[in-house]
């Protein structure tokens, strides 16, 4: 075997997957057909969930310093404001999207990958593959035409909408093409002095969306109706109505593109897997494409690493599709809904559409739902075959561990609860209300013994809501305990992607052992 994992495609999903594998000791090669990184890409939104993933790698600050907050959205139609959406109502610490062009995201991920010993092999493309029961044989073509045969345990296609991996694996995309084309360009507005942190949507016959970028610039997305349209001129006409004293300046990178709402009918064919745009494509109107690919990589990475290490059975990888394909289907569906919002049939159609938009933006429940979905904090794996337990109405198995706090471990400074799970392996959290410290201490000793002999669990912590619990038990903020539904002893197994693999009630680790058997399968 030449390599454990061959990753085809070095966009954000491929880079993130290579990072997740290499930091867990998996040998992988990352190839890309391009001879150099892209100098500009039309994608421009990093969602809060992606920032959480970057935080776990210790690089979120780089993104925050380079990008600009997109704190909300404001929608217009027929010269009037329909309403606004404040992203902070999601209740998450990252209370906004981050405006940052995709090539910067790729650069930061590439630098991190290189820092842990990885690299991108450029000018290298996949031309053929042969899948066997125990390996995949790939034929690669390098710059100049030289061919190389590589035998890998696993092959992952992160090579975009026109995926060669997906084609050779015989996996179909299901869905539809989006009829109307899109177009994009970057611009500054002369005389503009404020409002540089709001995404602005003009729901006109020619829809125009302004998304903030660093340097007080905007990326403008618009919908040309025919291929011959001068889409910059059409967008300029719309903007002139709303911003008559702000001429467009320094127009750059005008580009047309076509979009699709499609999801692969399966994410795995034997030892071949798909992630990112190779597995799903959607409308750009919500900016979920790149971010969904990053989520794929975070989900697949820890599972594939366990399989490659001989710790888990290959069946664990089936849970990747079960968990992530519904996410892609939901993104495609919500994108279609926004595509429909951008269309109207005459004055009556516009009026009806505008009434619906106003109603949605004035309903607190709808606004909260939209903000959480925009942040990608609504993803839940409760139906996964590799989660166990429930929450009795509180935070249940499969849910994402929320950003709560503070917690204070003995002898340490306070930190957020989720920071305890910033590690390549699983984290066990033993939680209880006040007065249960002795019980927790005994359970923690048992849990640490389990961690010492495990290749699944990496760390264990015990926390109570007592005002000054004695070591080794730390303190959990009572408000955080209430949000988690913790009163009696509760055991949580936090996966590396920060979703709850297990929720168990009571001072017993039998559920933890059962969860390990569930995840690891026959190999465990």
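Residue numbers (this note's numbering): 1 to 524. Just so you know, even glycine gets a beta-carbon here, dropped at the ideal spot from N, CA and C.
### Task
Indicate whether residue 13 and residue 102 have their beta-carbon atoms separated by less than 8 Å.
no
### Query
First and last residue of the alpha helix (DSSP H) that includes residue 366?
364-375
### Query
Can you tell which of 89, 100, 37 has the C-alpha that lies nearest to the C-alpha of residue 50?
100
### Query
Between the Cα of residue 90 and the Cα atoms of 208, 452, 297, 371, which residue gives the shortest distance?
371
### Message
Determine whether the beta carbon atoms of residue 426 and residue 494 lie at a separation below 8 Å.
### Response
yes
### Query
For the candidate residues 226, 268, 241, whose alpha-carbon lies nearest to that of residue 257?
226
### Query
What alpha helix (DSSP H) runs, 4 residues minimum, are completely inside the stretch 59-117?
60-66, 102-115
### Query
What's the C-alpha gap between residue 123 and residue 143?
5 Å
### Task
Using 10 angstroms around the beta-carbon of residue 81, count the other beta-carbons present and answer buried if the total reaches 16, otherwise exposed.
exposed
### Query
Going by the CB atoms, is the gap between residue 480 and residue 472 shorter than 8 Å?
no
### Message
Based on DSSP bridge pairs, tell me the residues matched to residue 476.
### Response
407
### Task
Out of 31, 199, 104, point me to the one whose CA is closest to residue 75's CA.
199
### Query
Who are the Cβ neighbours of residue 117 in its own chain at under 7 Å, not counting the five residues just before and after it?
22
### Query
Among the residues of its own chain, which have a CB less than 7 Å from the CB of residue 149, if the five just before and after it don't count?
137, 139
### Task
In angstroms with no decimal places, state the Cα-to-Cα distance between residue 396 and residue 25.
31 Å
### Message
Contact defined as beta carbons within less than 8 Å: I believe residue 278 pairs with residue 159. What is the distance between those atoms, to the nearest angstrom?
### Response
5 Å
### Message
Taking its Cβ as the centre, do 16 or more other Cβ atoms sit within 10 Å of residue 191, making it buried, or is it exposed?
### Response
exposed
### For residue 494, the three-state DSSP class (helix, strand or coil)
strand
### Task
Using three-state DSSP, classify residue 324 as helix, strand or coil.
helix
### Task
Put residue 212 into one of helix, strand or coil per three-state DSSP.
strand
### Query
Taking C-alpha atoms, which residue in 408, 64, 34, 141 lies nearest to residue 105?
64
### Message
What does DSSP give as the partner residue(s) for residue 201 in the beta ladder?
### Response
75, 209
### Task
Determine the direct distance from the alpha carbon of residue 1 to that of residue 414, and round the result to whole angstroms.
47 Å
### Query
Helix, strand or coil for residue 242 per DSSP?
helix
### Task
Go through its chain and collect everything with a Cβ distance to residue 107's Cβ below 7 Å, but skip five positions before and after it.
37
### Query
Pick from 45, 404, 399: whose alpha carbon is nearest that of residue 417?
404
### Query
From 3, 390, 444, 60, pick the residue whose C-alpha is nearest to that of residue 499; which is it?
390
### Query
So, is the C-beta of residue 228 closer than 8 Å to a C-beta in chain B?
In summary, chain B is missing from the structure at hand, where a single protein chain is found.
### Message
If you reduce the DSSP assignment to three classes, tell me which class residue 128 lands in.
### Response
strand
### Query
Among all the DSSP beta bridges, which residues are the ones paired with residue 466?
Per DSSP, none; premise fails for residue 466.
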